[in-house]
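Note sheet for the following structure.
There are 2 protein chains.
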Amino acid sequence: MKKTLLIVCDGLGDRPVDGLTPLEAADTPNMDSMAKEGICGIMDTVLMGVRPGSDTAHLSLFGIDPFRYYTGRGPFEAAGVGLNLEEGDVAFRCNFGTLRDGRVMDRRAGRSEEGLNKLAEEINNIKIEGADLIFKKAAGHRAVLVLRGEGLSSNVSDTDPEREGSGYNESKPLDESMEAKKTAEILNEFTEEVVEQLKDHEVNQRREGKNKLPANIVLARGAGMKTSIPSFMEKYGLSAACISATTLIRGVSREVGMELIEVKGATGHVDSDIGAKATAAIKALDVYDFVFLHLKGTDEASHDGDFESKKEMIERIDREVIAPILREIKDATVALTADHSTPLNIKQHSADPVPIAVLGDVRTDEVKRFTERDCARGGLNRIRGLYLMNIILDLSDRIKLFGA
Amino acid sequence: MKKTLLIVCDGLGDRPVDGLTPLEAADTPNMDSMAKEGICGIMDTVLMGVRPGSDTAHLSLFGIDPFRYYTGRGPFEAAGVGLNLEEGDVAFRCNFGTLRDGRVMDRRAGRSEEGLNKLAEEINNIKIEGADLIFKKAAGHRAVLVLRGEGLSSNVSDTDPEREGSGYNESKPLDESMEAKKTAEILNEFTEEVVEQLKDHEVNQRREGKNKLPANIVLARGAGMKTSIPSFMEKYGLSAACISATTLIRGVSREVGMELIEVKGATGHVDSDIGAKATAAIKALDVYDFVFLHLKGTDEASHDGDFESKKEMIERIDREVIAPILREIKDATVALTADHSTPLNIKQHSADPVPIAVLGDVRTDEVKRFTERDCARGGLNRIRGLYLMNIILDLSDRIKLFGA
């Protein structure tokens, strides 16, 4: 039996711009050596033609069918900030935003964290009839809202308008149930109460004094209920750890039963100390059967539509992450892939399959470079993300026979 | 409409050892000619990343979804020795073993068949309250036990400890049902009665006199209930025949409605007269619409971890089976593949896909050799075993339109 390392570069896949994708344009001798000595392929992380969210993609990569277990992003954000949900809870992903003259002028309150911890504490003390309420600040301008009580539903619309310049939305029930009606009402009452409390709050006076946008509204989206996801330990008999600086990905990993490893300097942005993450992954493999290493910078560059920044991030990953891993890790199964493509021309996730290379006891193929198009000619052909765990655990000799 | 021949080399697929798989290292001009003149691909017989048993793999190759129809190996072993199960029967695959001082010292009673027919007859006469009992000797040291009666369940654990040196296991119910409790009790009572009857049996005194291990216990495993599998005739409108010397495979084939053709000299081992099986398959194709030819030796060599023996078996199949088939059979669809990979480095089944080549009215591709890695570049790409029957019957023009 071998150890298994899964490396996911968020949003790595792309489409050609002037003939080359960022991955094709990048100088990546270490990734290419994985392609050369391993087996390659392309992968639909969720399903052919489905544009995966980061949450549904990772669930699928962990062998959990998102069509069965995913109800919304909220519960994973909640898990990512360390909240333990109970059956029946409804969780929302939230932003602090800036409201001016009844309009959302900035959905992220100028991305300034100043005073947000204090505001979050006060919001957490708001009382609404019909449900208990937990509110916790997450990274940056983000937060999580959990409603707890009898008869709630996640089938309600967002209050976040997803664009700026208009008013915030009233949450509406998305089905005829009493539960959805009740939940939407509670969310609306909560939102009005927040606006009332933050309007002239001293934190916001201080922020404005420093020429920062006030954080005077909480915008909620991605309602989801807790579902009972089978744990890694149950499903695969594995001890597993996650290295990621992204709240959502940490939440998904925690929900499937991984332990979270903290790495100093890991930010989830292009400035992250990814070398420290690689070192942590190498060390973690001594302790855990399975280690998942998540690198976010590639996706960030993609959403910004910045070819050079994405190419540079890829080159940094090649030098600072893949090189030490290839040098230090012997006799493990190592898979390198992405959770989805984020093509620069659309600046959002797409359904284009992602490249994958697997090192270990594999049928090495003739692919020489780790790129979207080279990998499409690899020995794995085209695989589905939901089966990836089984495929790599089979190579690590950790899968039981089905039948006899 | 054409006739269809499916050739399955058990456990054929492998991983490279010093750069080559046994199939790559073997000299296989006839298999290669099938690859050259046919269409190739790789196949997950059950599902990507699933390690198939021989039973689940063959069910899948015959178009029967094992996730739906497979409850355990027992019923197929029973069918393989010609027992007609009834709905509600629970069947076990058994070994004669050797018990010494309360410990299982040999799970196969030294692999000697001496006197086992007589012992089996007597065991068949054992009466246990609560169920009727049928016990029948199979090939070598193997046997089948069927429990028949009201309120039985296959959800019970094995008495076979699967390793030597410890005692045999007490069967335990695997759920809370009365049926599982009752079945486990009956199996335990049966086992104790067998131990009691065989302890000083004259057959065993004779065996020991000849320096052979006594056969003084029956170890049961793979409990399964009869499920109503759709027959080949119903499902595809085909008359079908199976040529195999392996009890389990004969059982699966019989359960899906194939007729069993006996071939003298076919043993299911590396010494089998596989030329005689090829001749039988060629003749059978005059009579049946569909013929399934199963060759076991490749898997046996794999479980022994013997590269040379596996390579030689492949070369024998090439010369003694594929050559005459290509010479004699005209105008049929002929598929050559495996039920699963059995890599030499792990000596057990793996989830690595198997190579496949299909001759007939096909879109010939550029693959020139029948190997795991050449076939991965073939025109079929990567297919799922469950759909193989439909794919090859479509080429034989025996499939009805779905829709209009």
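Taken in sequence, the protein lines are chains A and B.
First residue of the first sequence? That's 1 in our numbering, and the numbers climb one at a time after it.
First residue of the second sequence? That's 1001 in our numbering, and the numbers climb one at a time after it.
Note that CB positions come from ideal geometry on N, CA and C, so glycine has one too.
Predicted model only: the values in this text are computed from it and were never measured.
- prompt: Does DSSP put A/A281 in a helix, in a strand, or in coil?
  reply: Helix.
field: Inter-residue Cα distance where the pair is B/M1208 and B/A1276
entry: Here residue 1208 of chain B turns out to be Glu, not Met, going by the sequence shown. Their Cα atoms are separated by approximately 37 Å.
- prompt: How long is the line joining the alpha carbons of A/I186 and B/I1346, rounded to whole angstroms?
  reply: If I take the Cα positions, the gap works out to 58 Å.
Under 7 Å from the C-beta of B/N1408: neighbouring residues of chain A: There is no way to answer for residue 1408 of chain B, as the model of chain B reaches only from 1001 to 1404.
- prompt: Whose CA, out of A/C94, A/K330, A/M178 and A/T247, lies closest to the CA of A/S54?
  reply: Answer by Cα proximity: A/T247.
query: Is it right to say B/N1211 is buried, meaning 16 or more other beta carbons lie within 10 angstroms of its own, or is it exposed?
result: exposed
- prompt: According to DSSP, which residues form a beta bridge with B/C1136?
  reply: Residue identity differs from the one stated: residue 1136 of chain B is Lys in this sequence, not Cys. The partner list for B/K1136 (beta bridge, DSSP) reads B/V1144.
- request: Locate the beta strand (DSSP E) running through B/V1334, then write down its first and last residues.
  value: A1332 to T1337
query: Can you tell me whether B/Y1168 is buried or exposed, with buried defined as 16 or more other CB within 10 angstroms of its CB?
result: buried
task: Find out if the Cβ-Cβ distance for the pair A/T267, A/A245 is shorter than 8 Å.
output: yes
- prompt: Straight-line CA distance for B/G1385 to A/G265?
  reply: 48 Å
task: Tell me whether B/L1219 is buried or exposed, calling it buried when 16 or more other Cβ atoms sit within 10 Å of its Cβ.
output: B/L1219 comes out buried.
field: Three-state class that DSSP yields for A/N95 in the structure shown
entry: DSSP, read as helix, strand or coil, puts A/N95 in strand.
field: Interface partners of B/D1361 on chain A, CB under 9 Å
entry: Near B/D1361 there are no residues of chain A at all, since even the closest Cβ is about 23 Å away, more than 9 Å.
task: Just tell me which of A/L99, A/I261, A/D27 and A/K330 has its CA closest to the CA of A/S166.
output: A/L99
message: Can you tell me whether B/R1382 is buried or exposed? The criterion is at least 16 other CB atoms within 10 Å of its CB, across all chains shown.
response: buried
- prompt: Once you ignore the five residues that flank A/F190 on each side, which residues in its own chain have a CB closer than 6 Å to its CB?
  reply: Here the set comprises I128.
task: Tell me B/K1003's beta-bridge partners as DSSP assigns them.
output: Looking at the DSSP output, B/K1003 sits in a beta bridge with B/A1332.
message: With a threshold of 7 Å on Cβ separation, who are the neighbours of A/R15 within its own chain once the five nearest residues in sequence on each side are excluded?
response: T21, P343, N345 and D352.
- prompt: What first and last residue would you give for the beta strand (DSSP E) that runs through A/G340?
  reply: Here the sequence assigns His to residue 340 of chain A, which means Gly is not the residue at that position. Unbroken run through A/H340: none, as it is neither H nor E.
message: Looking at the secondary structure, which residues open and close the alpha helix (DSSP H) in which B/V1195 lies?
response: M1178 to L1198
- request: Given a cut-off of 8 Å, decide if A/A301 and A/G72 are closer than it, judged by their beta-carbon atoms.
  value: no
task: Give a yes or no on whether 8 Å exceeds the smallest Cβ distance from B/I1042 to chain A.
output: yes
field: Coil, strand or helix - B/H961 by DSSP
entry: Summary: the structure shown does not reach residue 961 of chain B, with chain B confined to residues 1001 through 1404, and so no result is reported for it.
message: By DSSP's criteria, B/I1039 is part of a beta bridge. Which residues make up the other side?
response: DSSP, once it has assigned bridges, lists B/V1358 as partnering B/I1039.
query: Buried or exposed: B/G1075, going by 16 or more other Cβ atoms within 10 Å of its Cβ?
result: Checking the displayed sequence, the identity of residue 1075 of chain B turns out to be Pro instead of Gly. That one is buried.
- request: Name, please, each residue of chain B whose Cβ falls closer than 8 Å to the Cβ of A/L401.
  value: By Cβ distance, chain B contributes R1051, P1052, G1053, Q1348 and H1349.
query: B/R1327 to B/Y1288, Cα distance in whole Å?
result: 19 Å
- prompt: What residues of chain A sit near B/E1372, judged by a beta carbon separation below 7 Å?
  reply: R363
message: Contact criterion: CB-CB distance below 8 Å. Does A/V383 meet it with respect to chain B?
response: Before going further, note that residue 383 of chain A is Ile rather than Val in the sequence given. Interface residue, yes.
- request: For A/I391, go through chain B and note every residue whose CB falls closer than 7 Å to its CB, in chain order.
  value: M1048, G1049 and A1351
Counted within 10 angstroms of its Cβ, other Cβ atoms place B/M1196 as buried (16 or more) or exposed: Checking the sequence, you will find Glu at residue 1196 of chain B rather than Met. Burial call: exposed.
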